[in-house]
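Asks:
Numbering (this note's numbering), first residue to last: 27 to 381.
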């Protein structure tokens with residue numbers, strides 16, 4: 027009888043600590059489409075859904091699962107145009123303590139991943155995100171190219187220090203670029219701050235809240251940032267190429283950064299080739315930003331972006347006297363700054379050859 031009373035007491039205490047368990051459903055989306063001038067730049071993506079005790083007690087797991095389902099539905103088709111592999115690989119990991127759910131890394135199979143995501147359940151126990159990242163490192167062993175790690179979590183790992191160390195080990199040991207994208211599925215500031223710190227370990231990462239992915243257009247922008255980048259410009263045989271005004275777009279930047287992304291080399295190398303073929307043509311290098319931030323700061327950031335492109339071209343053999351840099355800050359946007367996708371497009375440098 028005493029054992030029964032003790033067990034009942036534990037159950038009642040847990041019930042008192044846990045919030046009501048709401049039901050959340052994924053919203054309808056379509057797979058992200060590749061636009062003209064784009065290609066897939068990511069070779070592996072691993073989706074991690076936190077099902078540990080903190081997610082259960084604060085009733086955040088249903089949102090994480092619904093966002094996971096929506097994310098999988100919006101992932102690009104396996105055979106979209108890419109710079110390398112014919113398809114990409116994907117994995118799904120749900121965790122809580124030592125328990126795991128999901129699907130191992132394999133060629134992208136939307137139906138399989140969607141089925142696994144639909145049956146994800148809260149696993150409880152400790153938030154051992156460091157161990158999960160160690161398992162991801164093992165999963166990626168032997169692979170190469172860009173790997174995206176997408177984490178849906180409240181940002182409350184059992185050990186922040188161990189989690190950061192595990193992420194750094196993953197980044198340094200992968201044969202290629204690692205991009206960590208985090209989605210905060212809770213409201214506490216501490217969890218959001220940790221996830222932001224985690225994603226900032228990679229120059230190509232990002233952090234968002236679950237609320238910022240509430241509609242299809244938001245999820246589409248998220249997918250574009252993870253999977254897509256500028257495609258190599260085809261060589262067009264037109265008469266008098268040096269006499270035509272050409273604008274090359276596609277040199278884009280991460281938020282608040284002026285370092286070139288790896289895929290920018292495709293566009294800049296094309297510019298170098300054209301300048302070698304047209305020795306009398308000079309090049310304008312115009313830097314821009316999105317609308318986030320003070321105007322004066324954005325003016326300086328756009329100048330640093332233009333200077334980064336200029337340095338790349340000079341190092342590739344272009345005479346510095348043929349290059350003119352200009353900084354426009356947040357003016358002349360090419361897309362709406364009201365959406366994340368639009369802001370990504372506005373963080374750019376445009377190249378414009380002229381006689």
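Think of the CB as a built atom: it goes at the ideal place given N, C-alpha and C, for glycine as much as any other residue.
(1) What does residue 94 pair with, by DSSP beta-bridge criteria?
(2) Within a Cβ cutoff of 8 Å, which residues of the same chain sit near residue 273, ignoring the five residues on either side of it in sequence?
(3) Using DSSP with H/G/I as helix, E/B as strand and the rest coil, what is residue 320?
(4) Take the Cβ of residue 324 as the centre, count every other Cβ of all protein chains shown within 10 Å, and call the residue buried at 16 or more, exposed below.
(5) What does the alpha-carbon distance come out to for the pair residue 372 and residue 338?
(6) Determine the DSSP secondary structure at residue 376, reduced to helix, strand or coil.
(7) By the three-class DSSP mapping on this structure, what secondary structure does residue 149 have?
(8) Sort 221, 361, 181, 165 by Cα distance to residue 314 and report the nearest one.
(9) What is the C-beta distance between residue 98 and residue 158, in whole angstroms, given that I count them as a contact (C-beta under 8 Å)?
(10) Quick check on residue 364: buried or exposed, where buried means 16 or more other Cβ atoms within 10 Å of its Cβ?
(11) If you draw a straight line from the C-alpha of residue 367 to the C-alpha of residue 137, how long is it?
(12) For residue 91, which of 61, 52, 103 has the nearest alpha-carbon?
(13) Touching or not, the stretch 60 to 80 and the stretch 159 to 179, by the rule of three or more beta carbon pairs under 8 Å?
(14) Classify residue 142 as buried or exposed, calling it buried when 16 or more other Cβ atoms lie within 10 Å of its own Cβ.
(15) From what residue to what residue does the alpha helix (DSSP H) around residue 248 run?
(16) Please list the terminal residues of the continuous alpha helix (DSSP H) segment that includes residue 301.
(17) Just to confirm my understanding: we take residue 216, look at its own chain, exclude 5 residues before and 5 after, and list those with CB closer than 8 Å. What are they?
(18) What residue from 253, 302, 151 has the CA that sits closest to residue 230's CA?
(19) Span of the alpha helix (DSSP H) holding residue 239?
(20) Looking at chain B, is there any beta carbon in it that lies within less than 8 Å of the beta carbon of residue 289?
(21) Where residue 100 and residue 347 are concerned, what is the direct C-alpha to C-alpha distance, given to the nearest angstrom?
(22) Measuring straight from C-alpha to C-alpha, what distance separates residue 340 and residue 358?
(23) Flag this pair as yes or no: are the beta carbons of residue 54 and residue 240 separated by less than 8 Å?
(24) Three or more beta-carbon pairs under 8 Å between the stretch 186 to 196 and the stretch 142 to 156, yes or no?
(25) Taking the beta strand (DSSP E) that residue 76 belongs to, which residues open and close that run?
(26) On the DSSP letters alone, give me the boundaries of the beta strand (DSSP E) that residue 312 sits inside.
(27) Output needed for residue 171: all residues of its chain with C-beta closer than 6 Å, excluding positions within five of it in sequence on either side, in chain order.
(28) Following the continuous beta strand (DSSP E) through residue 66, name the residue where it begins and the one where it ends.
(29) Determine the burial state of residue 305: buried for a count of at least 16 other Cβ atoms within 10 Å of its Cβ, exposed for fewer.
(30) Could you tell me which of 196, 184, 288 sits nearest to residue 227, measuring between CA atoms?
(31) With DSSP run on the structure shown, which of helix, strand or coil describes residue 55?
(32) Would you please state the rounded distance, in angstroms, between the beta carbons of residue 327 and residue 336? I believe it to be under 8 Å.
Replies: Judging by the given coordinates:
(1) As a first step, residue 94 must be located in the chain shown, where it is residue number 68. Paired residues: none, contrary to the question.
(2) Residue numbering aside, residue 273 sits at position 247 when the chain shown is read from its first letter. Because residue 273 carries a pLDDT of 44, less than 50, the predicted location of this residue cannot be relied on, and the following value inherits that uncertainty. These residues qualify, in order along the chain: 376, 377, 378.
(3) In the chain shown, counting from the first residue as 1, residue 320 sits at position 294. DSSP places residue 320 in coil when its eight states are reduced to three.
(4) Sequence index remark: in the chain shown, residue 324 carries index 298 (1-based). The residue is buried, with at least 16 neighbouring Cβ atoms inside 10 Å.
(5) Counting from one through the chain shown, the residue named residue 372 turns up at place 346. Counting from one through the chain shown, the residue named residue 338 turns up at place 312. Taking the straight line joining both Cα atoms gives about 20 Å.
(6) On the chain shown, residue 376 is found 350 positions in, with the first residue counted as 1. Reduced to three states, the DSSP call for residue 376 is strand.
(7) Counting from 1 along the chain shown, the entry for residue 149 is found at position 123. Reduced to three states, the DSSP call for residue 149 is coil.
(8) Counted from its first residue, the chain shown places residue 314 at position 288. Closest option to residue 314, Cα to Cα, is 361.
(9) Here residue 98 refers to the residue found at position 72 when the chain shown is read from its first residue. Here residue 158 refers to the residue found at position 132 when the chain shown is read from its first residue. Not really, about 18 Å apart at Cβ, beyond 8 Å.
(10) Along the chain shown, read from residue 1 onward, the residue named residue 364 stands at position 338. So residue 364 counts as exposed.
(11) Position 341 of the chain shown, counted from the first residue, corresponds to residue 367. Position 111 of the chain shown, counted from the first residue, corresponds to residue 137. Spanning the two alpha carbons is a distance of roughly 27 Å.
(12) For the purposes of this step, residue 91 is identified with residue 65 of the chain shown, where counting begins at 1. For the residues 61, 52, 103, the minimum Cα distance to residue 91 belongs to 52.
(13) yes
(14) Translated into positions along the chain shown, residue 142 becomes position 116. Residue 142 should be labelled buried.
(15) As a first step, residue 248 is located in the chain shown; it is residue number 222 there, counting from the start. Element bounds for residue 248: 242 to 253.
(16) The sequence position of residue 301 within the chain shown is 275, counting from 1. Residues 290 to 303.
(17) What you label residue 216 is simply residue 190 of the chain shown in a count that begins at 1. The answer, listed in chain order, is 181, 182.
(18) Walking along the chain shown from the start, residue 230 turns up at place 204. When each option's Cα is compared against that of residue 230, the closest is 253.
(19) Indexing the chain shown from 1 puts residue 239 at position 213. No alpha helix (DSSP H) contains residue 239, which DSSP labels as neither H nor E.
(20) Within the model displayed, chain B is absent; a lone protein chain is all it includes.
(21) Here residue 100 refers to the residue found at position 74 when the chain shown is read from its first residue. Here residue 347 refers to the residue found at position 321 when the chain shown is read from its first residue. When rounded, the distance between both Cα atoms is 46 Å.
(22) Within the chain shown, numbered from 1, the residue matching residue 340 stands at position 314. Within the chain shown, numbered from 1, the residue matching residue 358 stands at position 332. When rounded, the distance between both Cα atoms is 26 Å.
(23) The sequence position of residue 54 within the chain shown is 28, counting from 1. The sequence position of residue 240 within the chain shown is 214, counting from 1. No. Outside cutoff.
(24) yes
(25) Numbered from its first residue, the chain shown carries residue 76 at position 50. Here the beta strand (DSSP E) through residue 76 covers 70 to 76.
(26) Taking the first residue of the chain shown as 1, we reach residue 312 at position 286. Per DSSP, residue 312 belongs to the beta strand (DSSP E) from 308 to 313.
(27) Numbered from 1 along the chain shown, position 145 holds the residue referred to as residue 171. Within the same chain, residue 171 has close Cβ partners 69, 202.
(28) On the chain shown, residue 66 is found 40 positions in, with the first residue counted as 1. Residue 66 -> beta strand (DSSP E) spans 64 to 66.
(29) Taking the first residue of the chain shown as 1, we reach residue 305 at position 279. It is exposed - the Cβ of residue 305 has fewer than 16 other Cβ atoms within 10 Å.
(30) Within the chain shown, numbered from 1, the residue matching residue 227 stands at position 201. Looking at the Cα atoms, 196 is the closest of the given residues.
(31) Translated into the one-based positions of the chain shown, residue 55 becomes position 29. In the structure shown, residue 55 sits in coil (DSSP, three-state: anything other than H, G, I, E or B).
(32) Counting from one through the chain shown, the residue named residue 327 turns up at place 301. Counting from one through the chain shown, the residue named residue 336 turns up at place 310. Incorrect: roughly 15 Å between the Cβ atoms, too far for contact.
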